[in-house]
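K.L.:
Please read through the structure below; I'll follow up with questions.
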DNA sequence: CGGAATGTGTTGCCTATGCAACATGGGAGA
DNA sequence: TCTCCCATGTTGCATAGGCAACACATTCCG
C-alpha cells in the first residue's frame with residue numbers, strides 16, 4: 011500500500027511509531043509471546059484493522075521495527091558507508107549516544123530482563139548486519155590459515171558486542187560512552203579485525 | 011464539529027491526547043510562553059491545521075486539558091458527588107494515587123520548576139472548583155461571625171492544598187499518600203471545615 | 001462433547017486528518 | 001522606512017484510518 015509517498019504521510023509515520031512503541035511497552039509488561047495484536051493496538055490507540063494495513067502480524071511489526079532501527083543507525087553513519095575506523099571508535103561512541111535515545115527498546119532487546127524472543131531476534135539480525143558490513147568493507151580480506159575463519163570471527167564480535175551492550179545498560183553508574191567504546195574496541199579488535207588486510 | 015459522537019472516534023481521542031501530552035512536554039522543555047502551536051503539533055505528530063479543528067489556540071488547549079483532568083477526578087468520585095468525608099481522607103488518598111498517574115502534568119503545574127502561567131491557571135481553576143464544591147455540599151452553611159468568611163476559608167484551603175501538593179511532588183523519598191493525606195487533613199480541617207454545620 | 005468467549009485476518013463505507021496554499025500580522029534587521 | 005521571516009488562522013481536496021460486520025481458528029469451561 012502506497013509504497014512510495016505513503017511513507018511520508020504524517021499519519022503513516024505516526025501510526026507506525028505508535029504501534030512500535032506499544033510493541034516495546036507491551037513486551038516489557040507481559041512479554042512478547044503473550045502479547046496480542048489487540049493489546050498492541052489498544053495501547054497505541056490505533057484501530058486493529060489499521061494494524062493490518064501496515065503489518066502482517068506482530069512478528070512482522072517486530073521485524074520492520076528492527077529494520078527501521080538499523081536504518082537510523084546507518085543514516086547516522088554508524089554502520090555502512092562510514093570510514094573503517096568509524097566502527098571502531100567514533101562510530102561506536104555515536105552508537106551509544108543513539109542507544110540512549112531508545113532506552114526502552116534496547117533494554118527489552120538486551121537488558122537483564124530482556125524478552126527471550128526479541129533478544130534472540132535482535133542478535134540474529136545484528137550478526138547478519140555485521141557480517142554483511144565486514145564483507146562489504148573488506149571484500150577480499152583473508153585471514154591467517156592458523157586462525158579461525160573470518161565469519162566465525164565476525165559472528166563472535168557481533169555476539170560479544172550485544173552482550174557487552176546488555177551489560178552496559180544494566181550498570182547502576184554507567185561508564186561514559188567513550189570509556190565503554192574503548193573497552194569494546196580492545197575486546198573486539200584483536201579478535202578479528204587486526205588480522206584483516208583491507209582491499210580498499 | 012461532530013459534538014456528539016465525534017468525541018468517541020478513536021482518532022479524535024488520540025489526537026487530543028497527543029496534543030495535550032505535547033503541551034505538557036513542550037512546557038517542560040521551553041516554557042508555556044515560548045511554546046508555539048507549531049512546536050506542539052510537531053511534537054505530537056499532528057498537522058497544524060488539525061490543531062485548529064480542536065482548539066482555538068494554545069490557551070484553549072490548556073483550558074480544555076485542565077477540564078478533562080478535573081473530569082477524571084470527578085468521575086473518580088474525588089470531588090463532587092462523593093460523601094463528605096470523602097474529600098477529607100479516602101478521597102484525598104485517591105487523589106494522590108491519581109496524581110501519580112500524571113506525574114509530568116502535576117510537576118509542571120505545581121512542582122518546583124512549574125511554569126508560571128500554567129501554575130497560576132491551575133490554582134485559579136482549583137480554587138473555583140473547591141469553592142463550588144463546598145457551596146454545593148454545604149449550601150446553607152454559616153460560620154461564626156468572629157471567624158473569617160467562608161469563601162476566604164475555602165480559598166485558603168484550596169491554595170494551601172496546591173502548595174502542599176507541589177511540595178509533596180518534589181520530595182526525594184515521598185511519604186505515602188496515606189501519611190500525606192493525614193497531614194493535609196490536619197492542616198485544612200481546622201481552618202475551615204470544622205466550623206461548618208452541614209445542612210443536609 | 002458443545003457452546004461461549006476470545007483472537008486473527010479481511011472488507012466496504014464514512015470521516016478525521018494531512019497537505020498545500022493563502023491571507024494576515026508582528027518582529028528583526030538593512 | 002522597507003523588506004524578510006516566521007507564526008497564526010483558514011480553506012478545498014485527497015487519503016489514511018475508524019467502525020462494523022464477517023468468517024474462521026483457538027482456548028476454556030461446564
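Protein chains in written order, with this note's numbering: chain A, 11 to 210; chain B, 11 to 210. Think of the CB as a built atom: it goes at the ideal place given N, C-alpha and C, for glycine as much as any other residue.
I'd like the list of long-range same chain contacts for residue 28 of chain B, defined as Cβ closer than 8 Å, with 5 residues on each side in sequence excluded.
P.N.:
Answer for residue 28 of chain B: 54, 55 and 56, listed in chain order.
K.L.:
Looking at residue 190 of chain A and residue 178 of chain A, is the spacing between their C-beta atoms short of 7 Å?
P.N.:
Taking 7 Å as the Cβ cut-off, residue 178 of chain A and residue 190 of chain A qualify as a contacting pair.
K.L.:
Does any residue of chain A bring its CB to less than 7 Å from the CB of residue 24 of chain B?
P.N.:
So, interface residue.
K.L.:
Could you tell me the boundaries of the alpha helix (DSSP H) in which residue 46 of chain B lies?
P.N.:
Run containing residue 46 of chain B: none; DSSP gives neither H nor E here.
K.L.:
Just tell me which of B/118, B/122 and B/19 has its CA closest to the CA of residue 131 of chain B.
P.N.:
Considering only alpha carbons, the answer is B/118.
K.L.:
Cβ of residue 33 of chain A less than 7 Å from any chain B Cβ?
P.N.:
No, its Cβ sits nowhere closer than 7 Å to a Cβ of chain B.
K.L.:
Can you find a CB in chain A that lies within less than 7 Å of the CB of residue 55 of chain B?
P.N.:
So yes, residue 55 of chain B belongs to the interface.
K.L.:
Between which two residues does the alpha helix (DSSP H) carrying residue 167 of chain A extend?
P.N.:
Here the alpha helix (DSSP H) through residue 167 of chain A covers 160-180.
K.L.:
How is the alpha helix (DSSP H) around residue 120 of chain B delimited, first residue to last?
P.N.:
First-last of the alpha helix (DSSP H) with residue 120 of chain B: 113-120.
K.L.:
Can you pull the chain A neighbours of residue 27 of chain B, defined as C-beta to C-beta under 9 Å?
P.N.:
Ordered by position in chain A, the residues that pass the 9 Å Cβ test against residue 27 of chain B are 55.
K.L.:
So, residue 121 of chain B versus residue 36 of chain B, is the Cβ gap smaller than 7 Å?
P.N.:
It is not a contact, given that the beta carbons lie outside the stated cut-off.
K.L.:
Taking C-alpha atoms, which residue in B/76, B/139, B/167 and B/180 lies nearest to residue 194 of chain B?
P.N.:
Considering only alpha carbons, the answer is B/167.
K.L.:
Going by beta carbon distance, what residues of the same chain come within less than 8 Å of residue 60 of chain A, once the five residues before and after it are set aside?
P.N.:
Correct list, in chain order: 25 and 51.
K.L.:
Flag this pair as yes or no: are the beta carbons of residue 42 of chain A and residue 160 of chain A separated by less than 7 Å?
P.N.:
Cβ distance not < 7 Å, so residue 42 of chain A and residue 160 of chain A don't count as in contact.
K.L.:
If you draw a straight line from the alpha carbon of residue 113 of chain A to that of residue 181 of chain A, how long is it in whole angstroms?
P.N.:
Each residue's Cα considered, the two are about 13 Å apart.
K.L.:
Got a sec? Which residues, its chain only, sit under 6 Å from residue 174 of chain B by beta carbon, not counting five neighbours each side?
P.N.:
For residue 174 of chain B, where only same-chain residues beyond five positions count, the Cβ hits under 6 Å are 194.
K.L.:
Is residue 187 of chain B closer than 7 Å to residue 103 of chain B when the C-beta atoms are compared?
P.N.:
In contact: residue 103 of chain B and residue 187 of chain B (Cβ atoms closer than 7 Å).
K.L.:
For residue 148 of chain B, which three-state DSSP category applies?
P.N.:
Correct three-state label for residue 148 of chain B: coil.
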